[in-house]
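Enquirer: Input: one structure, supplied below.
Numbering (the working numbering), first residue to last: 14 to 967.
Written as structure tokens, this is what we have:
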């Protein structure tokens, strides 16, 4: 079955795909057949046939070439099954055609097709069930009107037809690598003599012109002569027919270079350097190459030998070496003829297991006067990824025949793993050349000779220059593009436009006849210098020509392509006149001085930084597109400009962050500029002890365009500001507490004494972090043998971990408030993490009631010390923070002295004495009549006179 397809980007070929029976290995061997009509013949060595009792006998398919779809059909070389002979009235089977791989070798010459079955078996001895793989071949002659068998190896194990070829005059050359204990042999006979000698029913026939190699000494066993054969003229007698195989004359050196490389697996002959003598190509598909890691990798190699004289072959260097591991580069080599019509023959080399998915590759190499070019002009990739069986695209190749009669040779590629063969048609080659002239080559911006109005009614002053193009293209339509900005300038500003299109690109299509010269003239104009930035770079004009994709195809339905060696891009340039002397070359002398407001940065801080710079141009000419280029370290960020106004842009290139600030266009000679840039450095890491900015002045001048790079280095410092604070609650304790009574059993903390709470606060004001700090608290637990303090428990706030080796609250008192720790008799220990925050240790103590009158006032002193043991950085701090804090609690005795107290009986006695004295005084006064006083004179009468009046008033 024939299906159509193609790849638009194929350099030299379009293709048709032929399909064969599934599992038949269709495509194992291929060749062209151009006798009666254009067609191809394709071997399928595992195909089933109509032969009786023969399994997978193998077939050869005839696939005609035409515009309409047609099915491939088998060529009936042999319809007979296994054959027998009658000996002593008994039938004996003499040959075995199952699994004989008929079609594994297929070659054509004129109206003759040769097809071989190298695994065909023949019973070589009587009365034995054993058989040898002697191999056999069939010839189809006179356009399939006559079929003859040719089996010259029925006298022993041979595998005749394992390889085969035709000479130009029609001689058959067969290779039989199994002969003579694998010494192998090559057999040759004229096809006319083979046809003449054939007689049906005769198994062993004598061909008159047959010649063959003979058995030699046993040291040549396992030489496999005939494994692959190719024909060419190498003897100097102008008679072709010498086969090239494994048996080399001793004078031919350097042929076998690496053990196990399968050197000679494929051979081909063609004149690649066009000197009139056939050259030789030898494949070694299992050649090993040592990789970058020192290991050997199977890449494959092809050796090219140029014939310099009779039996004189010169090895061409360097060798063609594959690039695909296990790709088997060099498995098949076939001459292609002159594909690109440059006078030198080309070749195709297969890599059947190459490609990303092992889909197979075919490389096209072009010949030239020195041999074969090192790089392929085209790589054809198979369409089918490797499945259970690799597609083996390229296992079979055949070229150098013009199937579609368009004057260019074609190529057929077999892919037996998917039972397909692909036909690649060579496309017509167009050779073209072009020249470009730009005038004037120097544009003076001050000389304006035209005015352009754009769509916004803005007038642009312009400067004219012109170009001329010349093309030589044989009878094909060409598309020409002119680009005034092929070299993109900064910001992609279009400085020059074409007058015809008012765009930086001009595109035209022209038709050029064979041998015709086409010239054209147009103008470009330069914008006003205010409208673009780049005033220094030359204006490049590029002429790019290509074949018009809309042009009609040729009579064979193929579109031509440009020769890949043609230079289809031509460039010229024009310069802008500058104020830089007669040579128009400005040479600045750029100087840069950098200062900063700090020399060190701290881990954990934002680290605000200002870099002040002085940029000067002390040269003879201006610095065009001058910029301050600042490379920022990964730890820094740009935050702004100070001192003066600059235009700066912040960008990233190849993971490098940089700042570019415009210093002038041009930055004229004598310019001195002061400015400042602000940065922060927040992302410091302890992997580096320094952070470095790099500053440089850059311009677009060709000479002395950059200043020296000025580094500004900052030291990375670890520093922490730690503060320890402490307070007592209450700040003074009065002893004993109110309503306190003595008890011999303690149930709650109030039974012991008044509570005292010490709070210690540790604060890290940064900027760096602290990972391990020791805080130690010391308080007296006893005084002069008397218990002073009773530790209850501890409480914490913040990322702190406190421990104690003394049991807290050992009397198990009922606690009413949260408390902290005491460690041993004299101090407590806190270990903790500090991350720019504060922590607090709360120490809760209870004073024992042991004070006597001698201790009317006591000051409780507790001491806290801290030391930073570790900071989480590889960089060590300059100073390890440490310090201490003393917290005091005055204790005041407020009970009256026991020595000055009055006994109770004295108080009672004093009360009784006072009462007795008062009674005696009352008695004396009574005796003197103090209590018997008389009324004054007239009182009674007055009362009597006044009584009525009072009554009436009432």
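Ideal Cβ placement from N, Cα and C applies to all residues, glycine included.
May I have a chain-ordered list of the beta strand (DSSP E) segments no shorter than 3 residues that lie completely inside the region 122-179?
Expert: As far as the region 122-179 is concerned, its whole beta strand (DSSP E) runs of at least 3 residues are 125-130, 149-154, 159-163, 176-179.
Enquirer: Cα-Cα, which of 576, 625, 726 is closest to residue 701?
Expert: The shortest C-alpha separation from residue 701 is found at 726.
Enquirer: First and last residue of the alpha helix (DSSP H) that includes residue 343?
Expert: Counting along the chain, residue 343 falls outside any alpha helix (DSSP H), and DSSP gives it neither H nor E.
Enquirer: Residue 586 and residue 551: beta carbons closer than 8 angstroms?
Expert: Taking 8 angstroms as the Cβ cut-off, residue 586 and residue 551 qualify as a contacting pair.
Enquirer: If the criterion is Cβ atoms closer than 8 angstroms, does the pair residue 372 and residue 347 meet it?
Expert: No. Outside cutoff.
Enquirer: Flag this pair as touching only if the region 674-693 and the region 626-641 have three or more C-beta atom pairs under 8 angstroms; answer yes or no.
Expert: Yes, the region 674-693 touches the region 626-641.
Enquirer: Less than 8 angstroms between C-beta atoms, sequence neighbours within five positions excluded: which residues of the same chain meet that for residue 567?
Expert: The answer, listed in chain order, is 419, 441, 573.
Enquirer: Does the distance from the C-beta atom of residue 693 to that of residue 620 stay below 8 angstroms?
Expert: Cβ atoms of residue 693 and residue 620: closer than 8 angstroms.
Enquirer: How would you write the range of the alpha helix (DSSP H) that residue 929 sits in, first residue to last?
Expert: Element bounds for residue 929: 917-940.
Enquirer: Which of the three DSSP states, helix, strand or coil, is assigned to residue 205?
Expert: Three-state result, residue 205: helix.
Enquirer: Are there 16 or more other CB atoms within 10 angstroms of the CB of residue 454, so buried, or fewer, so exposed?
Expert: By the 10 Å Cβ count, residue 454 comes out exposed.
Enquirer: Taking buried to mean at least 16 other C-beta atoms within 10 Å of its own C-beta, is residue 194 buried or exposed?
Expert: When all chains shown are included, residue 194 counts as exposed.
Enquirer: Please state whether the Cβ-Cβ distance between residue 735 and residue 775 is less than 8 angstroms.
Expert: Cβ atoms of residue 735 and residue 775: closer than 8 angstroms.
Enquirer: Taking residue 969 as the reference, give the member of 128, 450, 320, 314 with the closest Cα.
Expert: This structure gives no information on residue 969, because the portion of the chain shown stretches from 14 to 967.
Enquirer: Run through DSSP, which three-state label would residue 191 get?
Expert: The answer is coil: DSSP assigns residue 191 none of H, G, I, E or B.
Enquirer: Suppose contacts are defined by Cβ-Cβ distances below 8 angstroms. Is residue 248 in contact with residue 323 by that definition?
Expert: Yes, they are a contact pair.
Enquirer: Taking its Cβ as the centre, do 16 or more other Cβ atoms sit within 10 Å of residue 889, making it buried, or is it exposed?
Expert: With fewer than 16 Cβ atoms within 10 Å of its Cβ, residue 889 is classed as exposed.
Enquirer: Run through DSSP, which three-state label would residue 98 get?
Expert: Reduced to three states, the DSSP call for residue 98 is strand.
Enquirer: For residue 468, count neighbouring C-beta atoms within 10 Å of its own C-beta (all shown protein chains included) and say buried if the count is 16 or more, exposed if not.
Expert: Reliability of the predicted coordinates at residue 468 is poor, the pLDDT of 47 falling under 50, and the value obtained from them is presented with this limitation in mind. It is exposed - the Cβ of residue 468 has fewer than 16 other Cβ atoms within 10 Å.
Enquirer: Report the rounded CA-to-CA distance for residue 627 versus residue 332, giving the unit in angstroms.
Expert: For residue 627 and residue 332, the distance between alpha carbons rounds to 59 angstroms.
Enquirer: Please say whether residue 344 and residue 307 have beta carbons closer to each other than 8 angstroms?
Expert: Contact: no.
Enquirer: Under DSSP, the beta strand (DSSP E) around residue 674 begins and ends at which residues?
Expert: Per DSSP, residue 674 belongs to the beta strand (DSSP E) from 669-677.
Enquirer: Measuring only the C-alpha atoms, how far is residue 385 from residue 285?
Expert: Looking at the two C-alpha atoms, the distance is approximately 7 angstroms.
Enquirer: Pop quiz: residue 207 and residue 163 are said to be a contact at Cβ under 8 angstroms. What is the actual Cβ separation, rounded to whole angstroms?
Expert: That belief holds up - the Cβ atoms of residue 207 and residue 163 are roughly 5 angstroms apart, short of 8 angstroms.
Enquirer: Given this structure, state the Cα-to-Cα distance separating residue 903 from residue 803, to the nearest angstrom.
Expert: Rounded to whole angstroms, residue 903 to residue 803 spans 17 angstroms at the Cα level.
Enquirer: Rank 629, 200, 670 by C-alpha distance to the C-alpha of residue 686 and give the top, closest one.
Expert: Residue 629 is the option with its Cα nearest to residue 686.
Enquirer: Tell me whether the region 44-51 and the region 110-125 touch, counting them as touching only if at least three CB pairs, one residue from each stretch, are closer than 8 angstroms.
Expert: Contact between the region 44-51 and the region 110-125 is present, because at least three Cβ pairs lie under 8 angstroms.
Enquirer: As a quick exercise: from 78, 601, 165, 161, pick the residue whose alpha carbon is nearest that of residue 209.
Expert: When each option's Cα is compared against that of residue 209, the closest is 161.
Enquirer: Go to residue 533, then tell me how far its beta strand (DSSP E) extends in each direction, as first and last residue.
Expert: Run containing residue 533: 531-539, per the beta strand (DSSP E) assignment.
Enquirer: Using 8 angstroms as the limit for Cβ to Cβ distance, is residue 223 near chain B?
Expert: The structure shown has no chain B; it contains just one protein chain.
Enquirer: Can you grab the Cα-Cα spacing for the pair residue 805 / residue 873, in whole Å?
Expert: Rounded to whole angstroms, residue 805 to residue 873 spans 17 angstroms at the Cα level.
Enquirer: Can you give the beta carbon distance from residue 134 to residue 146, rounded, assuming they're within the 8 angstroms contact cut?
Expert: Residue 134 to residue 146, Cβ: 5 angstroms. Contact.
Enquirer: Measure the C-alpha to C-alpha separation of residue 276 and residue 380 and round it to an integer number of angstroms.
Expert: Using only the alpha carbons, I get a separation of about 22 angstroms.
Enquirer: What residue does the beta strand (DSSP E) around residue 733 start on, and which one ends it?
Expert: Residues 733-742.
Enquirer: Since residue 216 sits in a beta bridge, which residues does DSSP pair it with?
Expert: Looking at the DSSP assignment, residue 216 forms no beta bridge with any residue, so it has no partner.
Enquirer: Are the beta-carbon atoms belonging to residue 923 and residue 897 less than 8 angstroms from one another?
Expert: Cβ distance not < 8 angstroms, so residue 923 and residue 897 don't count as in contact.
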